[in-house]
Amino acid sequence: MPLPPPEYPRQPLHTRSIRVQSYARDDGHWDLEAELIDAKAYDFPKSDGKMFKAGQPIHHMHLRITIDENFLIVAAQAVYDAAPYGGHCMAIEPAYTDLIGMNLLKGFRRQVKERFGHVDGCTHMTELSQVLPTAAVQTMANRRRQETNPNRRPFQLDGCHALSTDGPVVAEHYPKWYTGGSTEASADSSSDSPSFSHTS
């Protein structure tokens, strides 16, 4: 369902696109490749007097990490296609190999902020890295399904409002871990709501 139409006429100003593609590797590891592009919808003058054209990327960067089955980063590489200060921005590329050794599911975002904060990193590259944990979880979704242990509580429960262990989704899809009232009562209370499907 799309957003409702805006109430007032408006003009586009800025577009940020973030894309992540993941791959299963033949060596048993997984690659995640993240890309960020920033572009303005209008021409504007640069500090050197030249004109920056609408739609031309101001930031265009790529970050590739390789992870093992435990979500540990075993390789990392950052590169730029465009940056506002050219080589001065791009000089930080080698620093992002320090992502190696971090675990996406164990304090990753905190560690990234500590290692690459302020002048020790690139604001946009660091921001791009923040999407990697949830992308990695989705990457591993099919593997988790194949290795499901019926006696182990699914890690995603209580991770968001829909998967609250006292709610109707858990009552329907994970009844063993449901903590609310009777499942019959939960089903009655949600009978007018659209049915949910498990997609994670």
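Numbering (UniProt numbering), first residue to last: 1 to 200.
C-beta atoms are modelled at their ideal positions from N, C-alpha and C, and glycine is treated no differently.
Determine the burial state of residue 206: buried for a count of at least 16 other Cβ atoms within 10 Å of its Cβ, exposed for fewer.
With the chain covering only 1 through 200, there is no way to say anything about residue 206.
Return the residue from the list His59, Gln138, Tyr42 and Asp166 that minimises the CA-CA distance to Phe71.
Within the sequence shown, residue 71 is the residue found at index 71, counting from 1. For Phe71, the closest alpha carbon among the candidates His59, Gln138, Tyr42 and Asp166 is that of Gln138.
According to DSSP, simplified to helix, strand and coil, what is Ser191?
Within the sequence shown, numbered from 1, the residue matching residue 191 stands at position 191. Because Ser191 carries a pLDDT of 36, less than 50, the predicted location of this residue cannot be relied on, and no value is offered for it.
Touching by the beta-carbon criterion (3+ pairs, under 8 Å), the region 40 to 51 and the region 96 to 115:
Short answer: they don't touch.
Out of Trp177, Arg115 and Leu36, state which residue places its alpha-carbon closest to the alpha-carbon of residue 201.
Coverage of the chain is limited to positions 1 through 200, which leaves residue 201 absent and any answer about it impossible.
Nonlocal neighbours in the same chain, by C-beta distance under 8 Å from Glu184, ignoring five residues either side
As a first step, residue 184 is located in the sequence shown; it is residue number 184 there, counting from the start. Any answer about Glu184 is weak, because its pLDDT of 47 lies below 50 and its placement is not dependable; what the coordinates show is given next. Here the set comprises nothing.
Any idea if Gly117 is buried or exposed, counting beta-carbon neighbours within 10 angstroms, 16 or more meaning buried?
The residue given as residue 117 occupies position 117 in the sequence shown. The residue in question, Gly117, is exposed, as its Cβ has fewer than 16 Cβ neighbours within 10 Å.
Return the chain-ordered ranges of every beta strand (DSSP E) run that is complete within the region 42 to 82 and spans a minimum of 3 residues.
Counting only unbroken stretches of 3 or more residues, the beta strand (DSSP E) elements lying wholly within the region 42 to 82 are 57 to 67 and 73 to 82, in sequence order.
Own chain, CB closer than 8 Å to Ile73, minus 5 neighbours either side, in chain order:
In the sequence shown, residue 73 corresponds to position 73, counting from 1. Ile65, Thr66, Ile67, Leu99, Ile100, Gly101, Met102, Asn103 and Leu104.
Return the chain-ordered list of same chain residues with a C-beta closer than 6 Å to the C-beta of His29, the five sequence neighbours on each side being excluded.
On the sequence shown, position 29 is the one that residue 29 refers to. Same-chain partners within the cutoff: Thr66 and Asp68.
Nearest-angstrom Cα separation, counted from Lys106 out to Tyr96:
As a working mapping, residue 96 is identified with position 96 in the sequence shown. As a working mapping, residue 106 is identified with position 106 in the sequence shown. In this model, Tyr96 and Lys106 are separated by some 18 Å (Cα to Cα).
Rounded separation between Arg110 and Cys122 - CA only:
Here residue 110 refers to the residue found at position 110 of the sequence shown. Here residue 122 refers to the residue found at position 122 of the sequence shown. If I take the Cα positions, the gap works out to 16 Å.
If you follow the beta strand (DSSP E) that Thr15 is part of, which residue opens it and which one closes it?
Here residue 15 refers to the residue found at position 15 when the sequence shown is read from its first residue. Here the beta strand (DSSP E) through Thr15 covers His14 to Ala24.
Leu132, enclosing alpha helix (DSSP H) - first and last residue
Residue numbering aside, residue 132 sits at position 132 when the sequence shown is read from its first letter. First-last of the alpha helix (DSSP H) with Leu132: Leu132 to Thr139.
Going by beta carbon distance, what residues of the same chain come within less than 6 Å of Ser17, once the five residues before and after it are set aside?
Here residue 17 refers to the residue found at position 17 when the sequence shown is read from its first residue. Excluding residues within five positions, the ones whose Cβ falls inside 6 Å are Ile37.
With a threshold of 8 Å on Cβ separation, who are the neighbours of Trp177 within its own chain once the five nearest residues in sequence on each side are excluded?
Residue numbering aside, residue 177 sits at position 177 when the sequence shown is read from its first letter. Excluding sequence positions up to five before and after Trp177, its CB lies within less than 8 Å of the CB of Arg153, Pro154, Leu157, Thr165 and Val170, all in the same chain and listed in chain order.
Chain-order list of residues whose beta-carbon lies under 7 Å from that of Thr126 (same chain, five-residue window excluded):
Within the sequence shown, residue 126 is the residue found at index 126, counting from 1. Counting only Cβ-Cβ distances below 7 Å, and skipping sequence neighbours, we find Val112 and Phe116.
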